[in-house]
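Colleague: Okay, here's the structure, questions in a sec.
Right under this line is the structure:
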């Protein structure tokens, strides 16, 4: 043996790095003692000679160790300077991109080495992980880029997105650039408000978050494992040894993986903890301390798992079972995330997050509102469990029965103790394990445990625990009362969402900023949220609180909607009524779509009930437009006062020495104070009469956000996986219409007789079984509409009808549908249409006063349609029906169009003889086309028109515009009746209404002022309107 050490310099030990064995064993005597051990049939045998060149490189492990430490220290220094610099976004961007490129290239190089050395298992596993991350990058690239609009064939764009941005993870650089641009703009604009919402914060440590941890832990683990086991014999075949450059590639990849994991974990910690943000930004020492803590934790976890697998490797029969303990550890983390982490919309989030949780306790520093309690609960299980794993591995390595079999140069099998084996052949990893364990537990007790998280005001507000909320606000930690949560809301926003006026009052007393907006895409105020969640008490409280702040009451969100718009969308009658009580709230403000609140009252879905909240809100807004605000709700006022009084009683019971005078004095000192009003002479039984006291104090326990801890941690970053997680999370969708419930169906009506039938349906006379009222039910065949691709005609008609209420427009009472039919239940007009009236009473035209009366009523209905931006587009005698009181009403709005903007209509539609010339010429048009059709209708009422050849009872107008103009010129020369005489002024009116120039036709408001109407009616046309109602 002595000759072996002195002359041949051959070593027969298994391991990654050769080391000075005489220094360890001391003499050949110890070696002979080892050779006296019995041979184990299950042992793995090796016999590897070591050359002089390798022997001279005994310090190679220390060189790598020193290079890793130097690389880490340099990276930390650069990043710390970037974090501290106010305008360091350029340096950060270059550093992030460089780190990503080096990390990505090192992973590809590692897989290439495994390919050359026939490590197919490692190659398949790491290649699959790399491909999975690449697919996430590809999915993110499809969402974040406008690749379809690129100036190249779509197939090439798709290939570029899939390969470059996806598989090669180029989208990470794209995301880093967007983050860099956003941060640079914020640095330039010093006045811009920087909202500290985790998902919207700029990157500080790495562009990757969950991406880097997920991919780095696999590459780091299997890179270490491959070097530890590179010379094990399996099935009597020796693994191929690594060349020096291959070994250097693996170690470089491991170093980059560990650095990426550390920086990614620090990035997630920075986003998830406000307290940690303050400490990391305070000094470089704190930054290095935190990075050292995370690095030591990652290295300790990796090496603990690696040593466990290494020492159990000789146990072939049990090795697979022992290896499954790693899977048990992973499943334990997933189970914690599932059971303690809350409900995740992204169901696969706990499964993905379980991988990095296996490597590090990511919940250690989380103090994000609504997540801190969950994170601390998970940490209370993870830390003891991981400590037991470390102690168990140490005990297992120290057992005398655990020995590693090797073969000496004489071919004899020896069994080395585990610690001897590790120290001799893997001294680098043993040193790293010991150093990481000492560093981790030292920093854990001196740094991590002492980190006090920010008070979680959001959780207290969500639970409705006012005592805890007061205690937190009066604690020594001085919490940030305006701190944003993961959903972009402050505690004040959450209190408004829950309608908790006591929490609102407490927060406002502590100086909460009432004007802060949510940090999501909607940018809502507190009042918007209270309206969206249908909380009339909270709306009442907020309006009383800022009654003189007109800007706040009429503030718009990102969609341009005011609080009144939102309440109208949500069809909350109580909230709308409460808003309209305040004169400072403007009901005529237009949102981003050009809609005023009354335009938002009706949804596009098919269905209407005259007793629905939708119809009630329309009436409230219409009356407000007429100057009639709703009356105050005494019950709502009383409920708000009772809640404040109960809060006062609870406070007095807890602090009897605090008098009412003292409290009022404290309120006066508060900027947003709302003093409590004592209701005297009213007992508890009076309060019970107005509302159920229990229901008022019962606070909803709905979660602050639909986001669980797993989805939140995954979204705390700007990488591809983070974007994928964020994309699956739902934002509030209260800007969409809430569908009104329709409580009627065909079973509620009794068919009486058929009134008429057309191409697409029929009209039936029906009687409501419950009320006995008679209606005209218009049945529309869905199949016929779909065959002609005219489905929008039916839905458009019911939308116009339910958003329009006017005495000269047919009124819709119900709208519902079945599988094959749409049903519109409208008021019954038993006297037919103007075509029938003209046929019965015309000689050939109607008397002047009667024609002026019908014409004035139709004109008022047309004026109303134009005021609410509706084009009728089908004005004719058949579409004007007459009710029981002989009042004309417009009907059949199948061709009508709602103009939501200043754009003009272009569809060619209408009836022959009534359509305006610009429609026939396929030009764009607006409201004057209705006035042209109205002019033709008025001409028919005055002159009687022509008799149809096919139906002698039907009157028809001239079929061409030129023929109509010729008739008017002839009537001017030779008046065919009283209506054409100059003193009547009807002929000049008709010539203006049917002029070629649309501007000459004027507007409905100006037309009703013409002398023809005032003379024949004996007063203004508006006198035809009923006195009891006002219509806008």
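Numbering (UniProt numbering), first residue to last: 1 to 1032. Glycine included, C-beta positions come from ideal geometry on N, C-alpha and C.
#1: Between the alpha carbons of residue 329 and residue 116, how many angstroms are there, rounded?
#2: If we call anything under 7 Å between Cβ atoms a contact, is residue 216 one with residue 261?
#3: Below 8 Å, how does it come out for the segment 818–826 and the segment 763–780: are there three or more Cβ pairs, yes or no?
#4: Drop a sphere of 10 angstroms on the beta-carbon of residue 356, count the other beta-carbons inside from all chains shown, and report buried for 16 or more, exposed for fewer.
#5: Looking at C-alpha atoms only, which residue of 571, 715, 539 and 493 is the closest neighbour of residue 267?
#6: Measure the C-alpha to C-alpha separation of residue 986 and residue 1007 and round it to an integer number of angstroms.
#7: For the structure I just gave you, are there three or more beta carbon pairs, one from the segment 795–813 and one from the segment 840–852, closer than 8 Å?
#8: Shortest alpha-carbon distance to residue 763 belongs to which of 437, 772, 771 and 752?
#9: Does the segment 829–840 come close enough to the segment 992–1003 to have 3 or more Cβ pairs within less than 8 Å?
#10: Could you check the C-alpha separation between residue 218 and residue 126 for me, to the nearest Å?
#11: Just verifying my parser: in three-state terms, what is the DSSP assignment at residue 362?
#12: Going by the CB atoms, is the gap between residue 170 and residue 708 shorter than 7 Å?
#13: What is the rounded straight-line gap between the Cα of residue 279 and the Cα of residue 273?
#14: Below 7 Å CB to CB, which residues in the same chain sit around residue 458 once its five sequence neighbours on both sides are set aside?
#15: Taking the alpha carbon of residue 1033 as the point to measure from, which residue in 481, 533 and 487 has its own alpha carbon closest?
#16: By the 10 Å Cβ neighbour count, where 16 or more other Cβ atoms means buried, how is residue 650 classified, buried or exposed?
#17: For a test of the three-state rule: what should DSSP assign to residue 747, helix, strand or coil?
#18: Once you ignore the five residues that flank residue 1022 on each side, which residues in its own chain have a CB closer than 6 Å to its CB?
#19: Compute the Euclidean distance between the alpha carbons of residue 422 and residue 150, then round it to the nearest angstrom.
#20: Cβ of residue 524 within 7 Å of Cβ of residue 554?
#21: Between residue 436 and residue 94, what straight-line distance do the alpha-carbon atoms span, to the nearest angstrom?
#22: Alpha carbon to alpha carbon, what distance is there between residue 571 and residue 375?
#23: DSSP state of residue 767, grouped into three classes?
#24: If I measure Cβ to Cβ from residue 264 and keep anything under 6 Å in the same chain, skipping five residues before and after, which residues do I get?
#25: Using the beta-carbon count (16 or more within 10 Å), is residue 655 buried or exposed?
#26: Where DSSP assigns a beta bridge to residue 814, which residues make up the other side?
#27: Suppose you measure from the CA of residue 282 to the CA of residue 364; what does that come to, to the nearest Å?
#28: I need the boundaries of the alpha helix (DSSP H) containing residue 163, first residue and last residue.
#29: Assess, as a yes-or-no matter, whether the segment 869–876 is touched by the segment 902–922 under the definition of 3 or more beta carbon pairs within less than 8 Å.
#30: Given this structure, state the Cα-to-Cα distance separating residue 576 from residue 968, to the nearest angstrom.
#31: Assess contact between the segment 579–596 and the segment 562–569, defined as three or more Cβ pairs (one per stretch) separated by less than 8 Å. Is contact present?
#32: With 16 other CB atoms within 10 Å as the buried threshold, where does residue 499 fall?
#33: Output the distance between the C-alpha atoms of residue 358 and residue 416, rounded to the nearest integer angstrom.
#34: Count the C-beta pairs between the segment 937–946 and the segment 919–926 that are closer than 8 Å, then say yes if the count reaches three, no if not.
#35: So, using beta-carbon positions, are residue 889 and residue 947 closer together than 7 Å?
#36: DSSP on residue 780, reduced to helix/strand/coil?
Modeller: From the atom records:
#1: Mapped onto the chain shown, residue 329 falls at position 329. Mapped onto the chain shown, residue 116 falls at position 116. Their backbone Cα atoms lie some 32 Å apart in a straight line.
#2: Here residue 216 refers to the residue found at position 216 of the chain shown. Here residue 261 refers to the residue found at position 261 of the chain shown. Contact flag set, yes.
#3: yes
#4: Locating residue 356 in the chain shown gives position 356, where the first residue counts as 1. Buried, because 16 or more other Cβ atoms sit within 10 Å of the Cβ of residue 356.
#5: Mapped onto the chain shown, residue 267 falls at position 267. 715 is the residue among 571, 715, 539 and 493 whose C-alpha sits nearest the C-alpha of residue 267.
#6: One-based indexing of the chain shown puts residue 986 at position 986. One-based indexing of the chain shown puts residue 1007 at position 1007. So the alpha carbons of these two residues sit roughly 11 Å apart.
#7: no
#8: The residue you call residue 763 lines up with position 763 of the chain shown. The candidate whose alpha carbon is nearest that of residue 763 is 752.
#9: no
#10: By one-based count along the chain shown, residue 218 stands at place 218. By one-based count along the chain shown, residue 126 stands at place 126. In a straight line, the C-alpha of residue 218 is about 7 Å away from that of residue 126.
#11: In the chain shown, the residue the question calls residue 362 occupies position 362. In the structure shown, residue 362 sits in coil (DSSP, three-state: anything other than H, G, I, E or B).
#12: The residue labelled residue 708 in the question sits at position 708 within the chain shown. The residue labelled residue 170 in the question sits at position 170 within the chain shown. No, the pair does not count as a contact, with Cβ atoms beyond the cut-off.
#13: Residue numbering aside, residue 279 sits at position 279 when the chain shown is read from its first letter. Residue numbering aside, residue 273 sits at position 273 when the chain shown is read from its first letter. Counting only the Cα atoms, residue 273 lies some 10 Å from residue 279.
#14: As a working mapping, residue 458 is identified with position 458 in the chain shown. Closer than 7 Å at the Cβ level, and outside the excluded window around residue 458, lie 369, 370, 485, 491, 494 and 704.
#15: Missing from the structure shown is residue 1033; the chain here goes from 1 to 1032 and no further.
#16: For the purposes of this step, residue 650 is taken as residue 650 along the chain shown, with counting starting at 1. In this predicted model, residue 650 has a pLDDT of only 45, less than 50, meaning its place in the structure is not dependable enough to derive any value.
#17: For this step, residue 747 is matched to residue 747 along the chain shown. In the structure shown, residue 747 sits in a helix (DSSP, three-state: H, G or I).
#18: The count along the chain shown starts at 1 and reaches residue 1022 at position 1022. Within the same chain, residue 1022 has no close Cβ partners at all.
#19: To locate residue 422, count along the chain shown from 1; it is residue 422. To locate residue 150, count along the chain shown from 1; it is residue 150. Their backbone Cα atoms lie some 57 Å apart in a straight line.
#20: Counting from 1 along the chain shown, the entry for residue 524 is found at position 524. Counting from 1 along the chain shown, the entry for residue 554 is found at position 554. Result no, Cβ atoms of residue 524 and residue 554 do not sit closer than 7 Å.
#21: Taking the chain shown and counting its residues from 1, one reaches residue 436 at position 436. Taking the chain shown and counting its residues from 1, one reaches residue 94 at position 94. In a straight line, the C-alpha of residue 436 is about 30 Å away from that of residue 94.
#22: Taking the first residue of the chain shown as position 1, residue 375 is located at position 375. Taking the first residue of the chain shown as position 1, residue 571 is located at position 571. Looking at the two C-alpha atoms, the distance is approximately 38 Å.
#23: Walking along the chain shown from the start, residue 767 turns up at place 767. It is a strand residue.
#24: Start at 1 with the first residue of the chain shown, and residue 264 comes out as number 264. Around residue 264: 206, 208, 209, 212 and 213.
#25: As a position in the chain shown, residue 655 is number 655, starting the count at 1. Here the model assigns residue 655 a pLDDT of 49, short of 50, so the residue's position is not dependable, and the following value carries that caveat. When all chains shown are included, residue 655 counts as exposed.
#26: On the chain shown, position 814 is the one that residue 814 refers to. Looking at the DSSP assignment, residue 814 forms a beta bridge with 609 and 825.
#27: The count along the chain shown starts at 1 and reaches residue 282 at position 282. The count along the chain shown starts at 1 and reaches residue 364 at position 364. Those two C-alpha atoms are separated by around 20 Å.
#28: Walking along the chain shown from the start, residue 163 turns up at place 163. That residue, residue 163, is in no alpha helix (DSSP H); it is neither H nor E in DSSP.
#29: They touch, by the three-pair rule.
#30: In the chain shown, counting from the first residue as 1, residue 576 sits at position 576. In the chain shown, counting from the first residue as 1, residue 968 sits at position 968. If you take the alpha carbons of residue 576 and residue 968, they lie about 52 Å apart.
#31: The answer is yes - the segment 562–569 touches the segment 579–596, with three or more Cβ pairs under 8 Å.
#32: Indexing the chain shown from 1 puts residue 499 at position 499. That one is buried.
#33: By one-based count along the chain shown, residue 358 stands at place 358. By one-based count along the chain shown, residue 416 stands at place 416. Those two C-alpha atoms are separated by around 31 Å.
#34: no
#35: One-based indexing of the chain shown puts residue 889 at position 889. One-based indexing of the chain shown puts residue 947 at position 947. No, the pair does not count as a contact, with Cβ atoms beyond the cut-off.
#36: As a working note, residue 780 is residue 780 in the chain shown. Strand at residue 780.
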